[in-house]
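Residue numbers (our numbering): 230 to 497.
Here a beta-carbon is modelled for each residue, glycine too, at the ideal position from N, C-alpha and C.
Here's the structure, in C-alpha cells; my notes come after.
So, in C-alpha cells, the structure goes:
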C-alpha cells in the first residue's frame with residue numbers, strides 16, 4: 230500500500246510522520262507533495278519519505294491520497310488531480326468545510342473519507358473524527374482508520390454534520406483550553422508568581438485534572454462537587470463563573486466554530 234500526502238504543512242506532516250512510525254507501511258511507501266522549494270528541501274532530508282513537487286509523478290502511484298491543504302486551495306488541487314486519479318483510489322480530506330459531494334463532483338472519485346483532526350495529533354494525542362462515503366468498503370474504512378490512529382484516536386461519525394460539529398469541539402477545542410490556561414497564568418502572575426512558576430502551576434493543574442477525569446467514570450460536575458465545599462475557595466470561584474455566565478459563553482464559542490465550519494462548506 231502506498232500513501233500520498235498532498236500538502237506538507239503542520240497537519241500533513243503530522244500524518245506523514247505518524248504513519249511512518251507505524252508498522253502499517255513500509256519505508257518509502259509514504260509520498261509527500263509540496264510546491265514550496267523550501268519545504269521540499271526539508272522533506273528531502275527525511276529518509277522515510279519520498280518527496281515530490283509534481284502531481285503526475287506521485288498521484289497515479291497512490292492507493293490512498295490525503296489532502297492536507299488549506300480549504301481555499303481545495304478546488305485547484307481537486308481539478309489538478311482529476312485527470313490523474315483512478316476509481317479504486319481513496320481520497321482522505323482533512324480540510325474544514327469541504328463536503329464529500331463537492332469532492333466527488335470535482336475529482337470524479339467516489340471513495341471519499343472526510344476527516345477532522347486536531348492539534349494534539351502532533352504528539353500522538355490527537356482526536357480525528359471521520360465520515361465515509363457509501364462507496365468505501367468496510368476493509369477500506371478500517372485501513373484508513375488505522376492510518377488516522379497513528380496520530381492518536383479516531384472516531385467514526387454517521388454524517389457530515391457531525392464533522393462540522395466536531396470542528397467546534399475537538400478541532401478548535403485545544404485553542405479554548407489554551408485560552409483558559411492563558412487567563413489562569415495571567416491571574417497567577419498578578420498574584421505575584423514568577424512566569425515559570427505560573428506556567429508550572431497551570432500546566433500541572435490541567436494535566437492532573439485531565440488524568441483524574443480519564444481514570445474514572447465520574448462526570449466533570451461530579452469532580453467539581455468533590456473539589457468544591459460549601460463556603461470554600463473553589464465554590465467561590467465556581468460561583469463567580471456561574472454569575473458571569475462562563476459556561477454559556479463557552480458553549481456559544483463552540484457553536485461559533487461549528488457555524489463557521491458550515492459556512493465554509495457553502496463556500497467550497
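What first and last residue would you give for the alpha helix (DSSP H) that runs through residue i?
i           : result
residue 345 : Looking at the DSSP string, residue 345 is not in any alpha helix (DSSP H); the run it does join, the beta strand (DSSP E), is 341 to 345.
residue 430 : 424 to 443
residue 367 : 367 to 377
residue 478 : 475 to 496
residue 303 : 303 to 310
residue 469 : 462 to 472
residue 331 : 329 to 336
Once DSSP output is grouped into helix, strand and coil, what is the label at residue i?
i           : result
residue 396 : helix
residue 319 : strand
residue 382 : strand
residue 357 : strand
residue 457 : coil
residue 348 : helix
residue 314 : coil
residue 450 : helix
residue 511 : No information on residue 511 is available, as it lies outside the stretch 230 to 497 that the chain covers here.
residue 363 : coil
residue 388 : coil
Buried or exposed: which applies to residue i, given that a residue is buried once 16 or more other Cβ atoms fall within 10 Å of its Cβ?
i           : result
residue 352 : exposed
residue 295 : buried
residue 396 : buried
residue 392 : buried
residue 419 : exposed
residue 416 : exposed
residue 359 : buried
residue 407 : exposed
residue 437 : exposed
residue 346 : buried
residue 326 : buried
DSSP puts residue i in a beta bridge; with which residues?
i           : result
residue 295 : 234 and 321
residue 418 : DSSP lists no partner for residue 418.
(Q) What ranges does the beta strand (DSSP E) occupy inside the segment 231 to 288, keeping only unbroken runs of at least 3 residues that lie completely in it? (A) Counting only runs that start and end inside the segment 231 to 288, the beta strand (DSSP E) elements of at least 3 residues fall at 232 to 235, 259 to 262 and 279 to 281.
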